[in-house]
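One structure below.
Chains as they are written, first to last, in full-length UniProt numbering: chain U, 1 to 374; chain W, 1 to 374.
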């Protein structure tokens with residue numbers, strides 16, 4: 001088994017930004033390959049549930065509306081988003097019933113957000129038929145405004161905020177100190193490349209929080225579950241870092257055979273960044289509209305033991321479902337197919353290191369609360 | 001040129017209910033074949049604009065929220081829905097600015113609704129990039145609840161409410177007096193068939209109004225533009241009636257050749273009903289939550305003159321974009337293709353009668369207002 005630690009969603013529609021997960025319900029679909037994202041999200045569930053229960057003042061949230069409004073930012077195509085939203089509704093209902101046992105339960109409206117190229121058709125067709133909420137889809141980047149002022153009560157975003165709004169500046173510029181020659185990510189790259197990624201991510205998170213500060217009612221909650229990296233650790237030490245380095249070296253080998261140019265590899269960079277908790281806290285604390293209620297790091301693959309190993313074929317299938325769209329935008333289909341085929345072979349050769357690296361705390365959760373003032 | 005008077009949308013996902021317009025942006029798409037729906041909607045525009053301006057009390061609508069919420073029920077895939085929503089926003093903005101010249105303009109949120117099988121992906125990708133509203137898609141039947149209590153200010157529904165939620169009772173039952181043998185619609189059918197259609201339509205409109213009564217704030221507005229028929233007129237006299245009769249006779253001819261069975265034709269009925277204004281008024285007045293502010297009938301093809309004629313090839317293309325999905329659900333692809341090919345020939349033979357019938361008032365609009373009490 002494997003924790004893929006790939007995104008539940010990819011969010012901007014920029015020319016050089018990420019592209020969404022595979023749509024539909026077929027064998028290559030994200031819908032059928034998001035089991036590990038589900039497990040990853042569940043690891044932190046108890047802590048998050050407790051924070052919501054403790055902090056959400058249902059009475060004050062309902063002071064100006066009879067409806068509780070939730071949003072999943074970066075929902076992809078399901079089914080994980082349905083479980084996550086229902087879970088939050090259950091928590092709110094329980095709290096409400098214990099506080100106001102004789103009052104009727106409020107109505108819920110859930111907004112499913114992802115970029116406009118996400119497969120909303122699949123999402124809408126797979127909505128739970130007996131859901132206890134009014135459902136709506138919201139297309140657009142969550143790094144900008146998506147909702148009216150003070151209209152949301154709980155915002156949830158799982159495995160989405162590590163996707164940058166665009167490829168950081170300078171990576172594809174030969175004259176920049178951040179030129180990322182022969183790499184597709186900042187793993188094992190020069191310090192300037194790492195800094196370009198970190199800066200872009202911090203700017204994006206800041207944009208995210210500024211937009212949410214306007215949209216979330218005072219007392220409202222943001223839950224973030226994200227790919228992470230322990231403070232002070234290098235990305236090349238993580239399983240995904242090893243994988244990105246493998247991908248780059250396979251692409252360079254293909255370039256040596258003349259099937260693509262080295263420039264094509266240089267011009268391809270994955271817009272994803274795993275923030276160390278200290279960096280997340282720094283950006284969040286700079287934003288005066290939110291307080292960090294609780295946070296934590298975890299290992300998303302607690303089941304990996306000496307007896308349970310990664311199935312590399314399955315692992316690469318999951319990676320493909322989430323990421324192949326980004327490769328197809330830059331490389332011909334046969335190049336991408338070969339890259340993923342070779343990836344399975346290369347990763348199998350380093351499976352011991354990969355499994356060991358998956359025991360790191362590469363997932364973090366943060367629960368923020370919108371201040372009542374400001 | 002031709003007014004197709006086919007639906008802007010088809011709304012229920014029942015086994016025997018209608019299926020949506022063609023999605024995507026290709027040559028067969030509804031997106032590229034909805035020009036006539038646009039013209040049809042524009043005919044009544046001035047009257048509707050005036051009613052909204054006169055009746056909408058923007059101040060009272062904003063008493064509990066800083067956001068004006070609009071919904072287009074049966075929006076299909078665009079682009080007409082974008083024009084219609086922007087037009088209503090412009091009216092509200094003008095009224096607001098004249099009433100409160102120094103106040104900031106409120107925010108707008110627009111909900112685009114259609115059945116879950118509608119092509120929301122195309123709708124979302126074609127949203128105006130510089131829109132002045134927050135957009136959301138809402139999948140589901142508008143004959144049931146779609147939105148929280150008192151959350152909407154203006155509801156718009158154009159060329160959608162003539163689609164029934166399901167095929168009326170008895171049409172496909174040999175032992176029923178409403179058995180619709182050899183027909184695919186109530187045009188030229190026995191009185192019992194017409195009555196079954198009328199009853200289903202009245203029940204559906206009643207469900208629609210009951211759901212909206214809960215969702216629309218007191219003082220809020222519903223705009224309905226719908227296929228209609230002058231009181232007392234028979235559907236077989238209308239151009240669409242002639243067309244449905246042609247379709248049935250082509251299908252029966254194909255059955256005679258043994259390619260389909262006569263039972264297959266008997267079991268196929270188009271779930272669409274054109275309400276005479278008196279019937280619409282009767283249902284609306286029965287609902288105590290709404291008042292009819294204004295209404296009117298019009299001829300959606302005022303440009304049809306002695307010099308301007310219907311291009312039957314173009315006409316049939318428009319009909320196909322809106323309706324072929326329904327036929328494909330019941331008949332093999334080659335049967336449907338042949339039916340539409342023959343349709344063009346048959347309609348060309350009666351083009352004089354068709355054009356003359358298109359000068360009837362087969363479009364109606366209704367503006368209803370949600371009462372402040374009840």
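Beta carbons: idealized from backbone N, C-alpha and C, even for Gly.
Item	Value
Beta-ladder partner(s) of residue 376 of chain U, from DSSP	Because chain U in this structure spans residues 1 to 374, residue 376 of chain U falls outside the shown range and cannot be described.
Neighbouring residues, chain U, relative to residue 138 of chain W (Cβ below 8 Å)	134, 135, 136, 137
Straight-line gap, residue 73 of chain W to residue 329 of chain W (C-alpha atoms, nearest Å)	24 Å
Within 9 Å of chain W by C-beta, residues of the stretch 146-178 of chain U in sequence order	146, 147, 148, 149, 150, 151
Pick from W:201, W:188, W:264, W:219 that is closest to residue 237 of chain W, judged by C-alpha positions	W:188
CB contact below 7 Å: residue 112 of chain U versus chain W	no
Proximal chain U residues relative to residue 100 of chain W, where beta-carbon distance stays under 9 Å	Simply none; closest approach about 17 Å.
Span of the beta strand (DSSP E) around residue 216 of chain U	216-227
Any chain U beta carbon closer than 7 Å to residue 79 of chain W	no
Cutoff 7 Å; reference residue 132 of chain W; Cβ partners in own chain excluding five residues on either side	89, 108
Rounded distance between the beta-carbons of residue 225 of chain U and residue 158 of chain U, thought under 8 Å	4 Å
Status (buried if at least 16 other CB within 10 Å, exposed otherwise) for residue 239 of chain W	buried
Rounded C-alpha distance that separates residue 275 of chain W from residue 283 of chain W	11 Å
Per-residue DSSP class, three states only, for residue 233 of chain W	coil
Span of the beta strand (DSSP E) around residue 69 of chain U	67-73
For residue 64 of chain W, three-class secondary structure by DSSP	helix
CA-to-CA distance, residue 110 of chain U to residue 364 of chain U, given in whole angstroms	24 Å
Where residue 261 of chain W falls, given that 16 or more other Cβ within 10 Å makes a residue buried	exposed
Partner residues on chain W for residue 127 of chain U, Cβ-Cβ distance less than 8 Å	116, 139
Distance between residue 235 of chain W and residue 339 of chain W (C-alpha atoms, nearest Å)	21 Å
Start and end residues, alpha helix (DSSP H) containing residue 277 of chain U	277-286
Residue range of the unbroken alpha helix (DSSP H) whose run includes residue 113 of chain W	No alpha helix (DSSP H) holds residue 113 of chain W; the beta strand (DSSP E) holding it covers 107-114.
Distance between beta carbons of residue 270 of chain U and residue 185 of chain U, contact taken as under 8 Å	5 Å
Where residue 321 of chain W falls: helix, strand or coil (DSSP)	helix
Close Cβ partners of residue 335 of chain U (< 7 Å) along its chain, the five nearest in sequence each way excluded	254, 259, 260
Euclidean distance between Cα positions of residue 346 of chain U and residue 294 of chain U	39 Å
Within 9 Å of chain U by C-beta, residues of the stretch 216-247 of chain W in sequence order	none
Coil, strand or helix - residue 367 of chain U by DSSP	strand
8 Å contact criterion, which residue 125 of chain W and residue 117 of chain U should meet: CB distance rounded	7 Å
Any 3 or more C-beta pairs closer than 8 Å across the stretch 138-152 of chain W and the stretch 204-218 of chain W	yes
Residues near residue 210 of chain U by beta carbon distance below 6 Å, same chain, minus five either side	none
Three-state secondary structure (DSSP) of residue 172 of chain W	coil
Minimum Cβ-Cβ distance from residue 208 of chain W to chain U less than 7 Å	no
Any chain W beta carbon closer than 7 Å to residue 313 of chain U	no
Best match in W:362, W:172, W:137 for proximity to residue 264 of chain W [C-alpha to C-alpha]	W:172
Outcome for residue 114 of chain W when other beta-carbon atoms lying within 10 angstroms are tallied against a minimum of 16	buried
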